[in-house]
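A.B. asks: Residues in the sequence shown are numbered from 47 upward in steps of one, following my numbering.
Cβ coordinates follow ideal geometry from the N, Cα and C atoms, glycine included.
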Amino acid sequence: MSERSSGRQIPVVVLAGFLGSGKTTLLNHLLHRSGGSRIGALVNDFGAVEIDAMAVAGALGDSTVSLGNGCLCCAVDASELDEYLERLARPSAGIDVIVIEASGLAEPQELVRMVLASELPNIVYGGLVEVVDAAEFDETRAAHPGIDRHLALAELVVVNKIDRVDDPEPVLKTVRDLVDRAAVVPATHGRVDPEFLFDCRPSEERIGQLSFDDLHRDDQEHDAHPHLHAGYDTLSFVSGRALDPRRLIAFLDSRPPGLYRIKGYVDFGPYDVRNRYAVHAVGRFLRFYPEPWPAGAGRATQLVLIGTGLDTGALRAELERCVSDGAPHTDDEAGMWGVLRYVQEAEEPAA
C-alpha cells in the first residue's frame with residue numbers, strides 16, 4: 047500500500063478467519079478484480095505461489111504446497127517466512143501485493159508478528175483482514191471465544207455472507223463493539239473492493255488520490271451487485287503549504303475508528319528541506335519513509351484517507367489545522383521527534 051520512489055515496497059496483507067468464513071472466496075474475488083495488479087499468495091497449508099491476477103483463480107489450489115499441519119503460525123518462524131516472502135518479492139516476479147491466507151485455526155497475532163519482524167527491506171506490513179461468517183458468528187464465537195481477541199487485532203473486518211441473515215445489524219454492532227478502531231465492512235460472497243486493501247495498478251498515471259473509476263469492468267456483475275465501494279469513504283487532501291509535524295502526529299495518534307488507510311506524501315517544510323515523507327498507515331500501524339524530493343517536483347502534501355463511517359468534513363478540518371503557520375521556532379529542534387519515532391531507521395532531525 048506504499049511505494050517509495052527509491053525501492054518499491056510490497057504490502058503483505060494477512061487474511062485470517064475461522065474455518066468456512068470465506069477467506070478463499072475473498073482471495074479469489076481479489077484475484078479476479080485486482081485491476082491488473084499482480085498478487086503473490088501464501089495459502090492455507092503454506093504453499094508459496096506467484097499468481098497473475100488476470101489468470102484463472104482456480105489455479106491457486108493446484109499450486110499449494112502442504113507443510114503437513116496446515117497452520118502457518120506453527121509451521122514456520124519469521125526467518126522461514128522471510129524465505130517465502132523474498133521469493134515472491136524479488137523484482138523479477140513483478141508482484142504488487144502479497145496476501146497470506148492463514149489456516150482457519152491459525153493465530154493471526156503470530157502471523158502479524160512474523161511479518162512485522164521481517165528483515166526484508168522491500169516488505170511492509172499491509173494489515174490484518176479478519177473474515178467473519180455473519181450467519182454462524184454467534185455459534186462460532188461461543189465455541190471459540192478466542193475470535194474476540196482476533197477481531198481486536200484486526201485493521202479490517204469483513205462480515206461476510208451478510209445475505210444469509212435476516213437482519214445483519216445485530217452482528218455488525220457486535221463486531222464493531224469488539225474491534226479496536228478497525229473498519230467493519232459487510233460483504234456477500236467475499237466481494238470487497240480491492241482498492242480498500244491495496245492500490246490497483248492504474249491504466250494511466252494517477253496523482254494525488256486513489257480512484258475507483260476503473261473498477262467493475264464486468265457489466266453483468268456490475269448490474270447484478272451494488273458498487274463494492276458504496277460503504278467506503280475516501281478523502282483526498284492536498285496542501286501547498288508545509289505541515290507542522292507536531293500537529294500531524296497528534297492527528298495521526300488520535301485518528302478515528304474506521305479510518306483504515308492513510309497514504310501519500312508529507313512536506314514538513316523547514317523542518318526538513320531536503321526530504322518529503324512518504325506516509326503509510328494501516329489501522330494502528332504507522333510508518334514514515336523520508337526520501338529526497340524528486341528533481342523539479344512541486345513541493346506539496348498529498349494524502350488519501352480511506353475508511354468506513356468517516357466524517358470527511360471533520361477530517362479535512364483537522365488536517366487543515368495541521369498546516370504550519372510559519373517557520374519553526376529556533377529552539378524547536380525536537381519538532382520532528384514524533385515523526386522520527388515512526389521511521390524504521392530514524393535519521394537525525396534536519397537542521
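(1) Based on Cα-Cα distance, which residue from Ala363, Pro167, Ala346 lies nearest to Asp313?
(2) Count Cβ pairs between the region 165-173 and the region 57-71 that sit closer than 8 Å; are there 3 or more?
(3) For the pair the region 223-236 and the region 196-212, tell me if three or more CB-CB distances fall below 8 Å.
(4) Out of curiosity, what's the CA-to-CA distance linking Ala121 and Tyr130?
(5) Taking the alpha carbon of Pro302 as the point to measure from, which residue in Gly286, Ala229, Val325 has its own alpha carbon closest?
(6) Please classify Gln348: does DSSP put it in a helix, a strand, or coil?
(7) Using the three-state DSSP reduction, which class does His78 fall into: helix, strand or coil?
(8) Alpha carbon to alpha carbon, how far is Asp184 from Pro216? Give it in angstroms, no decimals.
(9) Assuming Lys207 is part of the beta strand (DSSP E), what are its boundary residues?
(10) For Ser83, count the other beta carbons within 10 Å of its own beta carbon; 16 or more makes it buried, fewer makes it exposed. Which is it?
(11) Measuring straight from C-alpha to C-alpha, what distance separates Phe64 and Arg210?
(12) Quick check: the Cα distance between Ala198 and Arg362, rounded to an integer number of angstroms?
(13) With a Cβ-Cβ cutoff of 7 Å, do Arg307 and His75 count as a contact?
(14) Could you please give me the residues that DSSP links to Thr280 through a beta bridge?
(15) Taking the continuous beta strand (DSSP E) assigned at Pro338, which residues delimit it?
(16) Jot down the residue ranges of each uninterrupted beta strand (DSSP E) in the region 172-242, minimum 3 residues, whole runs only, in chain order.
(17) By how many angstroms is the C-alpha of Ala189 removed from the C-alpha of Ser282?
(18) Of the residues Glu364, Cys246, Leu351, Arg367, which one's Cα is nearest the Cα of Gly81?
(19) Only counting the same chain, and skipping five residues up and downstream in sequence, which positions put a Cβ closer than 6 Å to that of Trp383?
(20) Tell me Val328's beta-bridge partners as DSSP assigns them.
(21) Who are the near neighbours of Asp264 in its chain, counting only those whose CB is closer than 8 Å to its CB and skipping five residues on each side?
(22) What three-state label does DSSP hand Ala62 in the structure shown?
(23) CA-CA distance, Ile295 and Val389?
(24) Closest to Pro214 by CA distance: which of Arg330, Thr186, Ala181, Asp194 is it?
(25) Using the Cβ count rule (16 or more neighbours within 10 Å means buried), how would you classify Leu162?
(26) Measuring only the C-alpha atoms, how far is Ser370 from Arg322?
(27) Would you mind sorting Ser125 into buried or exposed? The rule is 16 or more other CB atoms within 10 Å of its CB.
(28) Where does Gly86 sit, in a helix, a strand or coil, going by DSSP?
(29) Bridge partners of Leu365, per DSSP?
(30) On the three-state DSSP scale, how would you describe Tyr388?
(31) Grouping DSSP H, G and I as helix and E and B as strand, with all else coil, what is Ser285?
(32) Smallest Cα separation from Asp299: which of Leu332, Arg159, Thr280?
(33) Take the Cβ of Ser109 as the centre, count every other Cβ of all protein chains shown within 10 Å, and call the residue buried at 16 or more, exposed below.
(34) Nearest by alpha-carbon distance to Gly68: which of Asp318, Leu289, Ala148 is it?
(35) Based on the DSSP output, what are the partners of Val161 in its beta bridges?
C.D. replies: So, from the data block:
(1) In terms of CA proximity to Asp313, Ala346 leads the group Ala363, Pro167, Ala346.
(2) yes
(3) yes
(4) Residue placement at Ala121 is flagged as unreliable, the pLDDT there being 48, under the threshold of 50; a coordinate-derived value is accordingly withheld.
(5) Ala229
(6) strand
(7) helix
(8) Roughly 10 Å between the two C-alpha positions.
(9) Where Lys207 is concerned, there is no enclosing beta strand (DSSP E), given that its DSSP letter is neither H nor E.
(10) buried
(11) 17 Å
(12) 27 Å
(13) In this structure, Arg307 sits away from His75, with a CB-CB distance that is not shorter than 7 Å.
(14) Ile352
(15) 331-338
(16) 202-206, 229-232
(17) 43 Å
(18) Cys246
(19) none
(20) DSSP output for Val328 lists Arg307, Phe331 as bridge partner(s).
(21) Residue placement at Asp264 cannot be trusted, given a pLDDT of 36 that sits under 50; what the coordinates show is reported in the next sentence. Within the same chain, Asp264 has no close Cβ partners at all.
(22) strand
(23) Distance between the alpha carbons of Ile295 and Val389: 13 Å.
(24) When each option's Cα is compared against that of Pro214, the closest is Ala181.
(25) Its Cβ having fewer than 16 others within 10 Å, Leu162 is exposed.
(26) 15 Å
(27) exposed
(28) In the structure shown, Gly86 sits in a strand (DSSP, three-state: E or B).
(29) Per the DSSP secondary-structure output, Leu365 pairs with nothing in a beta bridge.
(30) coil
(31) strand
(32) Leu332
(33) Residue placement at Ser109 is flagged as unreliable, the pLDDT there being 27, under the threshold of 50; a coordinate-derived value is accordingly withheld.
(34) Closest option to Gly68, Cα to Cα, is Ala148.
(35) In DSSP, Val161 forms no bridge with anything.
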